[in-house]
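S.K.: Once you've had a glance at the structure underneath, I'll fire off some questions.
Number of protein chains: 2
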Amino acid sequence: MWLSTPARYDAVVTTPAVESDLGWALGAVFRGYVRSAEKVLAHLPGGPRGFQVLTSATTGEPCSQQTLARHLGVDKTVMTYLIDDLERAGLVERRPDPADRRARLLSATAAGRAHLAETAAALRRVEDEILAPLAPAERDLLRDLLRKLATRQEPGSPCEFASPC
Amino acid sequence: MWLSTPARYDAVVTTPAVESDLGWALGAVFRGYVRSAEKVLAHLPGGPRGFQVLTSATTGEPCSQQTLARHLGVDKTVMTYLIDDLERAGLVERRPDPADRRARLLSATAAGRAHLAETAAALRRVEDEILAPLAPAERDLLRDLLRKLATRQEPGSPCEFASPC
DNA sequence: TCAGATCGTCTGTAACTCAGACTATCTTGC
DNA sequence: GCAAGATAGTCTGAGTTACAGACGATCTGA
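Line by line, the protein sequences give chains A and B.
Sequential numbering of the first sequence, starting at 2, is according to the working numbering.
Sequential numbering of the second sequence, starting at 2, is according to the working numbering.
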């Protein structure tokens with residue numbers, strides 16, 4: 002059947018071009034984002050992931066390393082040295098959790114918050130640059146759609162990803 | 002200034018939660034996609050990237066390894082052993098480019114096209130699973146927006162990403 | 001024809017990921 | 001109160017991966 006079917010016909014009917022593959026588009030955009038973000042975040046320990054840790058440490062109530070690791074999608078061992086670097090730079094600090102002495106609560110220092118404020122502004126400009134091909138309304142739409150997916154797609158519990166801490 | 006401003010105020014005004022970070026959402030969705038796709042593509046050499054190579058080798062005219070590498074966002078040395086594996090599995094084949102004897106044109110074998118057809122169907126189901134939190138219209142919208150970005154965001158030449166070969 | 005660029009390959013090094021062990025601590029059941 | 005198992009964070013080591021650089025073959029332009 003496959004051998005007798007003309008190749009051109011196959012291509013059109015059963016095998017879509019790679020551009021229509023969600024994975025390809027997702028990967029291409031993600032790579033572009035990381036590459037651009039790394040330039041802006043070069044001075045921040047941990048790059049884009051360090052930025053996300055710092056953001057999480059600043060907003061909301063302090064949370065444990067492991068919870069944060071799950072939320073950001075990094076291994077717990079990676080989280081250890083990610084925080085090591087940020088702490089060494091004086092941007093975040095680990096405090097023992099009074100309710101559980103095994104755990105450390107992560108919170109940003111004043112320097113960390115100041116650093117985050119200016120970095121977030123620069124990153125926002127990078128995001129706009131990346132989203133430039135889209136109309137303003139489309140940009141907001143894309144952000145919303147991605148956020149909606151990201152906060153629900155954890156397979157085990159539907160909202161694990163959504164709960165920051 | 003930073004020290005005298007209440008933390009809560011900082012958080013609301015200048016430091017958005019990580020969930021509003023495009024990079025976080027993009028990363029979370031991308032990780033989820035790769036994790037799901039790898040299950041379906043476990044039997045295919047190279048996993049998701051092998052799938053994209055096979056897809057590109059099937060659709061359109063045959064193209065060189067380097068062009069394909071740029072298009073898929075992988076290093077040329079990675080592309081070499083990626084194709085090695087696919088060729089060893091009998092799914093693609095390298096042919097010398099008659100117009101440039103340095104280059105190899107990549108094309109899928111009949112077995113490769115058959116393999117791709119069934120794998121693409123399975124992958125499409127995975128994609129729908131991942132996009133499940135969205136309404137049907139939103140899914141198409143997200144695909145379109147991502148494709149629009151992916152085909153235009155290459156910094157050097159705006160359409161380099163878009164041109165498959 | 002010659003210099004420089006390019007294609008694909010190979011090699012080695014650097015970086016990264018992740019399983020597993022370990023200590024300290026919490027929780028549960030008795 | 002105590003023992004057994006689970007969990008948080010850290011550390012180590014093994015395995016994988018990415019990527020710079022060199023290389024031969026070939027193309028292109030002067």
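Even for Gly, the Cβ is constructed at its ideal location relative to N, Cα and C.
These numbers were taken from a predicted model, which means no experiment stands behind them.
If you measure between the beta carbons of P134(B) and L150(A), is that distance less than 9 Å?
M.R.: Position 133 of the second sequence, counted from the first residue, corresponds to residue 134(B). Position 149 of the first sequence, counted from the first residue, corresponds to residue 150(A). In this structure, L150(A) lies closer than 9 Å to P134(B) by Cβ.
S.K.: Using beta-carbon positions only, say whether Y34(A) and L23(B) come within less than 9 Å of one another.
M.R.: On the first sequence, position 33 is the one that residue 34(A) refers to. On the second sequence, position 22 is the one that residue 23(B) refers to. Closer than 9 Å, so yes.
S.K.: For a contact defined as C-beta to C-beta under 8 Å, what are the partners of S65(B) on chain A?
M.R.: For the purposes of this step, residue 65(B) is taken as the residue at position 64 of the second sequence. By Cβ distance, chain A contributes nothing, its closest Cβ being about 15 Å from S65(B), past 8 Å.
S.K.: Just to check my reading of the structure: V41(B) and A109(B) have Cβ atoms closer than 8 Å, yes? What is that Cβ distance to the nearest angstrom?
M.R.: Against the second sequence, residue 41(B) aligns to sequence position 40. Against the second sequence, residue 109(B) aligns to sequence position 108. Not a contact, Cβ separation roughly 19 Å.
S.K.: Given a cut-off of 9 Å, decide if L83(B) and A112(B) are closer than it, judged by their beta-carbon atoms.
M.R.: Walking along the second sequence from the start, residue 112(B) turns up at place 111. Walking along the second sequence from the start, residue 83(B) turns up at place 82. Result no, Cβ atoms of A112(B) and L83(B) do not sit closer than 9 Å.
S.K.: Within 9 Å of any Cβ in chain B, is that where the Cβ of T68(A) sits?
M.R.: As a first step, residue 68(A) must be located in the first sequence, where it is residue number 67. False, the Cβ-Cβ gap to chain B never drops below 9 Å.
S.K.: Run through DSSP, which three-state label would D98(B) get?
M.R.: Locating residue 98(B) in the second sequence gives position 97, where the first residue counts as 1. Reduced to three states, the DSSP call for D98(B) is strand.
S.K.: For the region 67 to 80 of chain B against the region 41 to 59 of chain B, are there 3 or more C-beta pairs whose distance is under 8 Å?
M.R.: Enough Cβ pairs lie closer than 8 Å, so yes.
S.K.: By the criterion of Cβ-Cβ separation under 8 Å, what are the contact partners of R148(A) in chain B?
M.R.: Locating residue 148(A) in the first sequence gives position 147, where the first residue counts as 1. Those within 8 Å of R148(A) in chain B are E20, S21, A26.
S.K.: Please report how far the alpha carbon of H116(B) lies from the alpha carbon of E130(B), in whole angstroms.
M.R.: Locating residue 116(B) in the second sequence gives position 115, where the first residue counts as 1. Locating residue 130(B) in the second sequence gives position 129, where the first residue counts as 1. Distance between the alpha carbons of H116(B) and E130(B) is about 21 Å.
S.K.: At 7 Å on the CB atoms, spell out the chain B contacts of R32(A), in chain order.
M.R.: Counted from its first residue, the first sequence places residue 32(A) at position 31. Under the 7 Å cutoff, chain B gives G74.
S.K.: Go to D86(B), then tell me how far its alpha helix (DSSP H) extends in each direction, as first and last residue.
M.R.: Translated into the one-based positions of the second sequence, residue 86(B) becomes position 85. Element bounds for D86(B): 77 to 89.
S.K.: Quick one: which residues of the region 49 to 65 of chain B get their C-beta closer than 7 Å to a C-beta of chain A? List them in chain order.
M.R.: Cβ contacts with chain A: P49, Q53, T56, S57, T59, T60, G61.
S.K.: Taking C-beta pairs closer than 7 Å, name the residues in chain A that P137(B) reaches, listed in chain order.
M.R.: Indexing the second sequence from 1 puts residue 137(B) at position 136. In chain order: nothing, as chain A lies at least about 13 Å away.
S.K.: CB-CB under 6 Å to R140(B), same chain, minus the five flanking residues each way: which ones, in chain order?
M.R.: Taking the first residue of the second sequence as 1, we reach residue 140(B) at position 139. Only L132 meet the Cβ criterion.
S.K.: Taking DSSP as the reference, what is the three-state secondary structure of V19(B)?
M.R.: Taking the first residue of the second sequence as 1, we reach residue 19(B) at position 18. Here V19(B) sits in helix by DSSP.
S.K.: Could you pull the start and end residues of the alpha helix (DSSP H) that G47(B) belongs to?
M.R.: The residue given as residue 47(B) occupies position 46 in the second sequence. Element bounds for G47(B): n/a, residue is neither H nor E.
S.K.: From this set, L106(A), A90(A), Q66(A), R89(A), which residue's C-alpha is nearest T81(A)'s C-alpha?
M.R.: The count along the first sequence starts at 1 and reaches residue 81(A) at position 80. Nearest option by C-alpha distance: Q66(A).
S.K.: Alpha carbon to alpha carbon, how far is L55(A) from P159(B)? Give it in angstroms, no decimals.
M.R.: On the second sequence, residue 159(B) is found 158 positions in, with the first residue counted as 1. On the first sequence, residue 55(A) is found 54 positions in, with the first residue counted as 1. Below a pLDDT of 50, predicted positions are generally treated as unreliable, and P159(B), at 35, falls in that range; no measurement from the model is reported.
S.K.: In its own chain, which residues sit with a C-beta less than 7 Å from the C-beta of A104(B), not counting the 5 before and 5 after it?
M.R.: Reading the second sequence from its first residue, position 103 is the one you call residue 104(B). Only S65, D98 meet the Cβ criterion.
S.K.: Using DSSP with H/G/I as helix, E/B as strand and the rest coil, what is L106(A)?
M.R.: For this step, residue 106(A) is matched to residue 105 along the first sequence. Looking at L106(A) - three-state DSSP - the assignment turns out to be strand.
S.K.: List the whole-angstrom C-beta distance separating S57(A) from V19(B), where the pair is believed to meet the contact cut-off of C-beta under 8 Å.
M.R.: As a first step, residue 57(A) must be located in the first sequence, where it is residue number 56. As a first step, residue 19(B) must be located in the second sequence, where it is residue number 18. About 5 Å; that satisfies the 8 Å criterion.
S.K.: Within this structure, are the beta carbons of L107(A) and E119(A) separated by less than 9 Å?
M.R.: If you number the first sequence from 1, residue 107(A) lands on position 106. If you number the first sequence from 1, residue 119(A) lands on position 118. It is not a contact, given that the beta carbons lie outside the stated cut-off.
S.K.: Do you know how far the Cα of K77(A) is from the Cα of R125(B)?
M.R.: Residue mapping note: residue 125(B) aligns to position 124 of the second sequence, counting from 1. Residue mapping note: residue 77(A) aligns to position 76 of the first sequence, counting from 1. R125(B) and K77(A): Cα-Cα distance of roughly 32 Å.
S.K.: If the criterion is Cβ atoms closer than 9 Å, does the pair L27(B) and L147(A) meet it?
M.R.: Within the second sequence, residue 27(B) is the residue found at index 26, counting from 1. Within the first sequence, residue 147(A) is the residue found at index 146, counting from 1. Going by C-beta atoms, L27(B) is nearer than 9 Å to L147(A).
S.K.: Around the Cβ of M2(A), are there at least 16 other Cβ atoms within 10 angstroms (buried) or fewer (exposed)?
M.R.: Here the question's residue 2(A) lines up with position 1 in the first sequence. Residue confidence is low: M2(A) scores 31 on pLDDT, short of 50, so the model does not pin down where it sits. Its coordinate-derived value is still stated next. M2(A) comes out exposed.
S.K.: Where A121(A) and T59(A) are concerned, what is the direct C-alpha to C-alpha distance, given to the nearest angstrom?
M.R.: Numbered from its first residue, the first sequence carries residue 121(A) at position 120. Numbered from its first residue, the first sequence carries residue 59(A) at position 58. A121(A) and T59(A): Cα-Cα distance of roughly 12 Å.
S.K.: To the nearest whole angstrom, what separates the beta carbons of V127(B) and A43(B), a pair I think is in contact under 8 Å?
M.R.: Position 126 of the second sequence, counted from the first residue, corresponds to residue 127(B). Position 42 of the second sequence, counted from the first residue, corresponds to residue 43(B). Contact doesn't hold; Cβ gap of about 12 Å is too wide.
S.K.: Could you tell me the boundaries of the alpha helix (DSSP H) in which L146(B) lies?
M.R.: Position 145 of the second sequence, counting from 1, holds the residue named residue 146(B). Note, L146(B): alpha helix (DSSP H), 137 to 151.
S.K.: E128(B) versus chain A: which residues are under 7 Å apart at the beta carbon?
M.R.: What you label residue 128(B) is simply residue 127 of the second sequence in a count that begins at 1. Under the 7 Å cutoff, chain A gives L23.
S.K.: So, is the C-beta of V79(B) closer than 9 Å to a C-beta in chain A?
M.R.: Taking the second sequence and counting its residues from 1, one reaches residue 79(B) at position 78. No - not a single Cβ of chain A is within 9 Å of the one on V79(B).
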